[in-house]
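Inspection log for the structure reproduced underneath, given as structure tokens.
In my numbering, the protein residues as written are 848 to 1018.
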């Protein structure tokens, strides 16, 4: 995953707490949806690190609010940078990270999930209203990728990170 830096990340955390007060958010974009590993975590991390260590930093743009029709997850769509995420997901979904995902990978920022069905439409309206009022740039750099693991407490634990390569432009 890649964490979304402040000030946008903090705004998104506040937005998410408004929609789902019981959650403990840390705004991010998931690169590989949760999955069982087919090998040791060290092998999965080695694969991630080898593929990503020379990737350049790239921008992502958060665009509009959406709701997935089957799961009723409220999310923010991604524009610029979406193709890089799709390519990265396709490249990493093999070997120890391979998993036949139940849904096609759709890069996004989750805002609310597992809401009662009758609350989804109102929460989506609130999300749209709050998002329209966001005073921060909706474009942020992907500078670091973090390998995480789910815990028994349904939290995420950071296991390792890789910094993406900064490319200098000389004029």
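Note that the Cβ used here is the ideal one computed from N, Cα and C, for glycine as well.
Predicted model, so just to flag it, every value in this text is computed and none were measured.
Going by DSSP, which residues form a beta bridge with residue i?
i, result
"residue 925", "909"
"residue 955", "924"
"residue 992", "1009"
"residue 1003", "997"
Going straight from the alpha carbon of residue i to that of residue j, what length do you get?
i, j, result
"residue 955", "residue 922", "6 Å"
"residue 887", "residue 868", "35 Å"
"residue 895", "residue 939", "7 Å"
"residue 904", "residue 924", "20 Å"
"residue 916", "residue 968", "12 Å"
"residue 986", "residue 965", "32 Å"
"residue 911", "residue 997", "28 Å"
"residue 994", "residue 945", "15 Å"
Please check if any C-beta of chain B sits within less than 9 Å of the C-beta of residue i.
i, result
"residue 885", "No chain B appears in the structure shown, which is made up of a single protein chain."
Taking residue i as the reference, which of the options has the closest Cα?
i, options, result
"residue 893", "952, 973, 943 and 996", "943"
"residue 982", "849, 855 and 848", "855"
Query raised in the report: Which ranges would you report for the alpha helix (DSSP H) in the region 852-917 if only whole runs of at least 4 residues count?
Result: Segments of the alpha helix (DSSP H) lying fully in the region 852-917: 855-866 and 888-899.
Requested in this report: Say whether the region 974-992 touches the region 854-867, bearing in mind that this needs 3 or more beta-carbon pairs closer than 8 Å, one atom from each stretch.
Outcome: Yes: the two stretches touch, three or more of their Cβ pairs being nearer than 8 Å.
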